[in-house]
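What follows is a set of notes on a single structure, which appears directly below.
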Amino acid sequence: MSFPFDFRPFEIPAEFCTLRQEVRAFLRDAAREWTGWRIGQSWTGFNREFSKEVGRRGWIGMTWPRQYGGQERSEIERYVVLEEMLTVGAPVGAHWIADRQSGPLLLRLGTQAQRERFLPGCARGELAFCIGLSEPDSGSDLASLRSRALRVKNGWRLNGRKIWTTNAQNCDLMIGLFRSDPSAEKHKGLSQFLIDMHAPGIDVRPIRDLTGEAHFNEVTFDDVFVPGEMLVGVEGEGWAQATAELTFERSQPDRYMSAFPLFSALINTLRKESAADRLACRRIGETYAELVLLRQMSLSIAGRLAAGESPAQEAVLLKDLGNTHEQGIPDLARELLDVPSTIDRQDMLSELQAVLTEISPMFSLRGGTREILRGIIAKGLGLR
Amino acid sequence: MNDDMNVTRMLAESMERLLANEVSRDSLLKLEAGDLDIGLWRHLDDMGLITALVCEEAGGSGMSWSQVEVVLRVSGRHLLPLPLGESMIAAHALSESALQIPSGMMTIIDERLSLRPDGRLAGVGRSIPWAFQAEHGIAIAQRNGEDFICLFRMDEAIRMEQETLGRIPTAKIDLDGVRVLADSPASTVGKLGLLPRLTALRVAQIAGALSGVLEACTEYANLRIQFGKPIAKLQAIQQMIAELAAEAAAAQAASAFACQRLDARDAVHGAMVAKVRASRAAGRGARIAHQVFGAIGVTDEHMLHYFTRRLWQWRSEAGSEHWWAERLGKHILGATHLPLWESIADR
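These protein sequence lines map, in sequence, to chains A and B.
Quick note, the first sequence lines up with residues 1 to 384 if you use the working numbering.
Quick note, the second sequence lines up with residues 1001 to 1347 if you use the working numbering.
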C-alpha cells in the first residue's frame, strides 16, 4: 500500500463512560482551589497531596498488576483518566513520571525486588520519580552523555551532572542514564540506575526559569553510591531501554493538551460576550478541528499500542503536530480577545494566558525537539 | 485488525495495482480534454466498487463508510480520472431510498433543488464535476418542505462548461424542467443534504493525493543531486518533507474521521472537522511539494501539477476549509450549554 501511515480510528468503549464521570466529579471538587497560573502548568505542577488523593482512588498505575498496587485495568481506561486530568490542568506532576515512564519501565525490566519495593508507593502517589537524561553538554545529542557509572564493590559510583530534570527538587527517586562502559560505542555502554535522591553526594540546584519559578534542576553527582541491585534492566542496554517507550510517551494527550484550559477559557469568554464575528468563528472552528483530529490520531495510536503494534512514526508525527497546536493557543487568545500583557491575578484567563505564553516554548523542546522529531520523520520516510 | 478490514484492505490493494498501471499522464491529459477511460470504468464496476456501500439485499457489498474509506483514498492517491466516488455515493443514496440504481456514471448536485408539482426539477448546480460525462445525476429536491432524492438524466440539463483549477470537466448546470426519473422521500438526509458525503469524499481524495505528493517528494529528494549530494541530505529539505508528512498524516486522520462519523450518523460534524483540516493540509502540502521540486515541478510535462491542481480544486469543493470552519466555530460558540471538553469526549 502506498500509505506510509496508519491512522485507523479507535473508539473508546462506551463502558468506560462511568470511569470518565467519576474522574470528572472528583476533579470538579478538587479544582476549586486552583489558580489559572497553576492550571496552566498542569502536568509539570507538583502537588503531592493531590497525587495521594488520585492514588487513593486507584488512578495511578492503574494498569499495573494488583500485587504491585495496580488495578489491572486497561491502557484505554488509563487514557481516559489522563484526558480528564489534562482537560482541567490538574497538578499531576508528583505522579506523572512514575505513572507514565518509571513504573512501566520497572514492570518491563525491573527485578522482582525493585517492583515490590517501589511500585506500590508510586501507585499510592507517595513516591515521586524524575528522569535523569540531559546533561549540560548533551541535549538533543543525548547519546553523547558523559556522566559516569563506575563499578565498585557491591554497586556503582556515579559522577557527573544532569540538567533540565523536572521536579528533581521534590522527587524521591531518579531513573538516570549513565555511561557504564566508556570504551563501548556511543549508544552502547549506557546503563539505567534507580537512584535515591537523598543519597549522599547528590546536590540538587533548582534552576529559576522565565516564569520566576523553578521547575527544572541541575543535579550533581559526586561519588554517589548506588547498590548493585539498583541497576535497571541490563548493563549496557540503557539506550535501548530508555528509548523503547517513546512511542507511548510521544502519543499521549499531554503532547497536544497543554494549553487546553486556555482554549476552553477563551471559548467561554467568547460565548459570554457574544464577541465572535465571522473571522473569530473561523479561527475557533479551525483550532477545534485540529484538536479533535489530534485526539483521533492519539486514540488511534493508543488502540494500536493496546493491540501490540508499535506505531512509532505516527507517534512522532502526532507530537510534532500536537506541539504546534498547543503553542498556537495563546496566540489565538491574543488574536480574538486582545488579551493584554498585564497579569490580573484574580482573573483565570489572564493568568492562563500569561503562564502559557511563558512556558509554551518548552512544548516543542521537551520530549524531543521539533527539529529532532522532524529528522526522525524524514529518516522514517527513507530520506537519506 | 478484523476480517472486514482485511477484505477492505485486499480490495484497496487490488485497486492500487490496477490504478498504478492504468492511470498515467496520458490518461489525465485525455480526461482534461473530456475523454474518459471506459475500459477502466468497466473494470472498477466488475470489481463491485460502485455498489460497495449499497446493502446486500439491493445487490451491493454492504460495506460501511469506514470500510470504503481506503478505496476513496486510493482513488485520490492515483488521481483516478473517473467519477467513482460520486457514483458510489449516488448508488448508496438511491438504494437507501429503495430506488433502482442505473448503470453508468453518476454525479451529485450538492445544492438543494425544488421539485415542481409537474414532477420536474428547478434550480441550479453552481459547479458540478463530471457534468458532461455522467449519464445520471442525483440531487435532493424539496416539495412542500419535504426532501426527496431525485434521479435524472444529465443531458436534459443545460450545462455551461466551467474552467477549474483541477481541469476535471465541470459545468454550471441549470436543471429547470429536467424530468425526474425516480424519486423517493429522503428523510434521513439532514439540512445539508448530500453535501457531507461529498465532503467526506473530497477529504479522502485530498488525503490520497497528499500521500502521492509525499511519495514523489521523497523519491525526488533522494535522486536530485546538488552541492555534490542528494538534496535529501539537507536538513532544510528533510524538515520541509517532514512537515509535508505531518499534513498528509493529518489529512488521513481527517478522512478516517469523516467516514467514521458517517457510520455513526453524525455526518455533518465529521465533514466539518475533516474538511477544515484536510483542505488546510492540501494548501500547505502543495506549497511544500512545489518548493521541494523547484522549477521542474511547475512544468507542464511534470506530473506534480496534476496532484497540486487537484489539491487546490478539492480543497475548495464541497465546502472550503473557511466555509466549514465558520460553521463549526459558530456551532461550538453557540452551544453554550455544552462545555468544550464534553463536546469532544462525550460525542
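Positions of the beta carbon are idealized from the N, C-alpha and C atoms, including for glycine.
Keep in mind it's a predicted model, so treat the numbers as computed, not measured.
contact_flag[the region 351–364 of chain A, the region 1014–1024 of chain B] where n(CB pairs < 8 Å) is 3 or more: no
Reduced DSSP category for V224(A) - H, G, I as helix; E, B as strand; rest coil: strand
Cβ-Cβ distance between T220(A) and D203(A) below 9 Å: yes
The ligand COA heavy atom lying under 8 Å from the CB of T1188(B): Among the ligands in the structure shown, none appear at all, so the ligand COA cannot be discussed.
Those runs of the alpha helix (DSSP H) which lie wholly inside the region 291–357 of chain A and span at least 4 residues: 312–337
CB contact flag (V1180(B), L1094(B), <9 Å): no
Minimum length 3: unbroken beta strand (DSSP E) runs contained in the region 1112–1162 of chain B: 1124–1129, 1136–1143, 1146–1153 and 1158–1162
Member of F225(A), A289(A), D254(A) and T87(A) whose CA lies at the smallest distance from the CA of E1326(B): A289(A)
Short CB-CB distance (under 9 Å) between Q1226(B) and chain A: no
Any C-beta of chain A under 9 Å from that of L1018(B): no
C-beta atoms of V23(A) and L105(A) nearer than 9 Å: no
Residue span of the beta strand (DSSP E) that contains I1296(B), given as start and end: Looking at the DSSP string, I1296(B) is not in any beta strand (DSSP E), and its letter there is neither H nor E.
Chain A residues whose Cβ lies nearer than 8 Å to that of G1360(B): Chain B is shown only over 1001 to 1347; residue 1360(B) falls outside these bounds and no answer can be derived.
Counterpart residues of I1083(B) in DSSP-defined beta bridges: Checking the sequence, you will find Pro at residue 1083(B) rather than Ile. P1083(B) pairs with nothing; no bridge assigned.
Cβ of M1001(B) within 9 Å of any chain A Cβ: In this predicted model, M1001(B) has a pLDDT of only 44, less than 50, meaning its place in the structure is not dependable; the value taken from the coordinates is given anyway. Yes, its Cβ sits closer than 9 Å to a Cβ of chain A.
Best match in A1278(B), E1111(B) and L1262(B) for proximity to A1122(B) [C-alpha to C-alpha]: E1111(B)
Assigned secondary structure, L1099(B) (DSSP; H/G/I helix, E/B strand, else coil): coil
N-terminal and C-terminal residue of the alpha helix (DSSP H) that R1077(B) is part of: W1065 to R1077
Chain A contacts from the region 1265–1296 of chain B (Cβ-Cβ distance under 8 Å): M1272, V1273, A1274, V1276, R1277 and R1280
Simplified DSSP assignment, three categories, for I60(A): coil
CB of P261(A) within 9 Å of CB of L82(A), strictly: no
Which of helix, strand or coil DSSP assigns to D137(A): coil
Closest residue to E75(A) among L305(A), W43(A) and S264(A) (Cα-Cα distance): L305(A)
S274(A) versus V1213(B) - alpha carbon distance: 42 Å
For H198(A), the nearest candidate out of L173(A), G189(A), I207(A) and I329(A) (CA to CA): L173(A)
Through-space distance from Q313(A) to F5(A), alpha-carbon basis: 8 Å
Under 8 Å by beta carbon: chain A residues contacting E1111(B): Going along chain A, no residue has its Cβ under 8 Å from E1111(B), so there is no contact; the nearest lies around 21 Å.
Chain-order list of residues whose beta-carbon lies under 7 Å from that of F1132(B) (same chain, five-residue window excluded): G1034, R1159, P1169 and A1171
Beta-carbon neighbours of D320(A), restricted to chain B and to distances below 7 Å: A1246
Beta-ladder partner(s) of E1247(B), from DSSP: According to DSSP, which records beta bridges pairwise, E1247(B) is partnered with nothing at all.
Segment contact, 8 Å Cβ cut-off, at least three pairs: the region 40–49 of chain A with the region 1282–1302 of chain B: no
Through-space distance from S1343(B) to W1323(B), alpha-carbon basis: 21 Å
Chain B contact for E22(A) (CB, 9 Å cutoff): no
Validate contact between the region 111–130 of chain A and the region 151–159 of chain A using beta carbons, cut 8 Å, 3 pairs: no
Residues near F263(A) in its chain [Cβ-Cβ closer than 6 Å; skip 5 each side]: I329
Spatial distance of Q192(A) from L86(A) (CA atoms): 29 Å
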